[in-house]
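Residue numbers (the working numbering), protein chains in the order written: chain U, 488 to 644; chain Y, 488 to 644.
Where is the CB? At the ideal position from N, CA and C, for every residue including glycine.
Source: prediction; values computed, not measured.
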DNA sequence: CTATAATTGGATGTTGATGTCTATTATTGC
DNA sequence: GCAATAATAGACATCAACATCCAATTATAG
């Protein structure tokens, strides 16, 4: 129901929120979230263009959130990469309907409205704070550190 | 948020429900719902394979609903052509998560659950009976008859 | 049995989403 | 200024969704 791109964008944002306000490199995010790095860079570009994240080139640079996790909601992220566009006029182009949708399209739009609302009411801070037995994107909370340590790995051979 | 194919399938089913229990030809449905006929035939094939509609070849044949409009819900139609597949295990393949989703994926799955539920609770009969000022797929209720009369049209030239 | 109506199945084309690769530009530390 | 780091831009590749077309098959009416 949601595109792969939305899934990737949300993973990346969760990781960034988890490290907020520190920046992460695209490579770090890609490894931590298991998203193809080259494609992730495209997704992050969309997020930057929508002013959801900020980017900084060069040493010590990377991607960071523009807002704090408690000010950023899921809808802003989703809409940046694959907008939930509500049905505002008859998809059949019937003049008589105009802005007044028929029962079928009302139902469909209602489903989108509910989803849109659920996303707009959920902040990244809430996602991080949720108390379930699974930590976001990691097997164990301790894994977060492992991932951050990893870049300094010497060539295997 | 929903695919074009889902939109087409629902339009076709609404038209069929509106004419139920009489069959409609693919051509009739295509014209009434403004769906490309050749593609519609593929969509109808999916619906037949899922046993949502029944097809009959030859003169007087066409497509008809297997159930009555009050026994058929939107979810059955949607799932026949583009299934809403819930998140049942961690998309990152993390062993530690298994069936126990992290907060992010819980949220996403929850959105799907709500949509799934809304569709499963809505029957075609309800769609047809909804009292809004717009009739399903038509400018005016009277248009339905116009469409049905149309097939007997002589060659324009 | 024949003509006609109608679905069915397969081949094919088109477009957008997804994914990869390489060269370029900006930033930092020396 | 030079080297290392990291994002950026654009070209290219791949695949599935969407769409079209046509021949084959099946059913009905007469």
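The segment 527-538 of chain Y and the segment 577-597 of chain U do not touch, with fewer than three beta-carbon pairs separated by less than 8 Å. Contacts with chain Y (Cβ-Cβ distance below 8 Å) from the segment 582-603 of chain U involve 582, 583, 584, 587, 588, 589, 590, 591, 593, 594, 595, 597, 598, 599, 601, 602, listed in chain order. Rounded to whole angstroms, the gap between the alpha carbons of residue 605(U) and residue 565(U) is 12 Å. One alpha carbon belongs to residue 525(U), the other to residue 495(U), and they sit about 12 Å apart.
Contacts with chain U at 9 Å (Cβ-Cβ) include residue 521(Y). Taking the C-beta atoms as reference points, residue 503(Y) is found nearer than 9 Å to residue 552(Y). Beyond the five residues adjoining it in sequence on each side, residue 542(U) comes within less than 6 Å, by CB distance, of 535, 550 in the same chain, given in chain order. Residue 615(U) places its beta carbon 9 Å or farther from that of residue 540(U). Not flagged as an interface residue toward chain Y: residue 496(U), since no C-beta distance is shorter than 9 Å. When 581(Y), 612(Y), 506(Y), 574(Y) are compared, the shortest CA-CA separation from residue 601(Y) is found for 574(Y). Bridge pairing for residue 536(Y): absent [DSSP]. If one requires a minimum length of 4 residues, the alpha helix (DSSP H) runs lying completely within the segment 546-618 of chain Y are 561-568, 590-607, 611-616, in chain order. Apart from the 5 residues on each side of it in sequence, residue 580(U) has no Cβ closer than 8 Å to any other Cβ in its chain. Scanning its chain for C-beta atoms nearer than 8 Å, with the 5 sequence neighbours on each side dropped, one finds around residue 517(U) the residues 523, 524, 527, in chain order.
In the three-state scheme derived from DSSP, where H, G and I count as helix and E and B as strand, residue 542(Y) is classed as strand. Any Cβ of chain U closer than 9 Å to the Cβ of residue 501(Y) would place that residue at the interface, and such an atom is present. Listed in chain order, the positions of the segment 605-617 of chain U with a beta carbon within less than 9 Å of a beta carbon of chain Y are 605, 606, 609, 613, 614, 615, 616, 617. One alpha carbon belongs to residue 537(U), the other to residue 570(U), and they sit about 11 Å apart. The beta carbon of residue 611(Y) sits closer than 6 Å to those of 504, 556, 559, all from its chain and outside the five residues before and after it, given in chain order.
Per the C-alpha coordinates, the member of 576(Y), 587(Y), 598(Y), 509(Y) positioned closest to residue 608(U) is 598(Y). C-alpha of residue 490(Y) to C-alpha of residue 546(U): approximately 43 Å in a straight line.
Among the residues facing chain Y, residue 578(U) is included, as its CB has a counterpart in that chain under 9 Å away. Straight through space, the alpha carbons of residue 554(Y) and residue 509(U) are spaced by roughly 58 Å. Proximity of residue 534(U) to chain Y, defined by a Cβ-Cβ separation below 9 Å, is not satisfied.
Against chain Y, the CB of residue 571(U) has a partner CB under 9 Å away; the residue lies at that interface. In this structure, the CA atom of residue 576(U) is about 12 Å from the CA atom of residue 595(U). Between residue 531(Y) and chain U, the shortest Cβ-Cβ separation is not below 9 Å. Following the DSSP letters along the chain, one finds residue 493(Y) inside the alpha helix (DSSP H) bounded by residues 491-506.
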